[in-house]
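Taking this note's numbering, the leading residue of the sequence shown gets 21, the next gets one more, and so forth.
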Amino acid sequence: MPQYGDKSYWDDRYDANGACDEPFDWMCGWDQLESTISPLIRNPKSQQTILVVGCGNAPFSSELHYKGGYTNAVHVDYSEVVIEQQRKRFPDIKWMVGDCLDLKEFNDGHFDYVIDKSLIDTTMCYTDGNETTQKLFNEIHRLLKPGGRLIQISLHKEEEVEPFKDSKGCDFIVTTGKLVNLKLFDPKRSRKEISQDALYHTFAVFDKLAGTTPEERARIISEHPMTLTNALSDEELAELEVIFEREKAKEPRTIKWKECNRPDDLFEVFDSVLEDISRKNHGKLIEDEYLDIPDSSEELHSDPALKEFIMVD
């Protein structure tokens, strides 16, 4: 397993002679998360103090700033290499090198919100993963104002994330939900890659109870469990599981349109094309749309979009 706890590992990963300095997102991005996150942050959003921990070079940070309008955020990472890269790309965003297990640069209760998008997944992969993740939660708890909120997105399951609310020194209440993993529907990824993915990401909201008045504490507790926008219901998850298992069970297509000797063969090819297009549209059926089939076989052969789907040499 990679040495995630070693700072040099991350510097080398982001450097690699420029090979790894392009923005990369491990999981869901701002376009998917905006409708879930925005209702959880008070207005005016530009005045809310936000800390993004373990930001890396994911597009999420710049999109939070430019698309979301959350301009009063500090984006922190362990790696000096990636922070320097991000400063050059986005000089008007606040970047900082720091150890998210010990951000002594900030006083207690400095932030209204902390956003963690997958840093928990890294700390849980440390040799002493459980202990390290508890340290992370303890530090986030310290940095939040009374009544402050941790918004967390993780590759781990809800039952793995929830217990950290009781980390030593922490007084949190939490609501969790499941957000569909849209990478499952990325047409650029192979069926093998997709089969190794999780169906959903865990979305968690931890509210800090420590330091609140009895009235504030009662109000915060009354808000949980929350209704999280776009969280999957049990029925939706079951439906997604059926679709996913059906996709994994399919045999790879080998027939090409040039090999079609019968009309039924050609119909089979275009059925497969439509299935792929359907998967591109997040598994939803295409309604009231028609595939624009070229008039000639020569045009069909040369069409780049269809060529990708029907495996023309």
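Glycine included, each C-beta is placed from N, C-alpha and C at the ideal position.
Here the alpha carbons of I160 and K228 stand approximately 10 Å from one another. Taken atom to atom, the span from the alpha-carbon of H130 to that of D206 is near 39 Å. In the DSSP assignment, G168 falls outside any alpha helix (DSSP H) and within the unbroken beta strand (DSSP E) covering L164 to S174. Ranked by Cα distance from V225, the first of R239, D136 and K203 is D136. Residue range E100 to R109 is occupied by the alpha helix (DSSP H) that includes K108. Shortest Cα-Cα distance from C190 to any of K208, M144 and R162 involves R162.
Membership of I113 in any beta strand (DSSP E) is not indicated, and neither H nor E is assigned to it by DSSP. The stretch 117-145 contains, as complete alpha helix (DSSP H) runs of 4+ residues, the segments 139-143 (chain order). When the five nearest sequence neighbours on each side are left out, the beta carbons in the same chain lying within less than 6 Å of the beta carbon of S174 are those of I140, D141, V181 and T222, in order along the chain. Membership of I57 in the alpha helix (DSSP H) is indicated by the continuous run W50 to I57. Annotated as distal: L219 and L248, with beta-carbon spacing of 7 Å or more. For A224, the enclosing beta strand (DSSP E) stretches over residues Y220 to K228.
The beta carbon of T153 sits closer than 7 Å to those of I140, T143, M144 and F184, all from its chain and outside the five residues before and after it, given in chain order. Between Y98 and D119, the beta carbon gap of about 6 Å places them in contact (Cβ cut-off 8 Å).
Secondary structure in the stretch 239-269: the alpha helix (DSSP H) runs of 4 residues or longer, each lying completely within the stretch, are 254-269 in chain order. Rounded to whole angstroms, the separation of the alpha carbons of M246 and I171 is 13 Å. Counting C-beta atoms within 10 angstroms of its own C-beta, T232 has 16 or more neighbours from the protein chains shown and is therefore classed as buried. In this structure, the straight-line span from the alpha carbon of D31 to that of V96 is close to 14 Å.
Your pair F110 and A78 does not check out as a contact, with CB atoms roughly 12 Å apart and the cut at 8 Å. Classified as exposed, A269 has fewer than 16 neighbouring CB atoms from the shown chains inside 10 Å of its CB.
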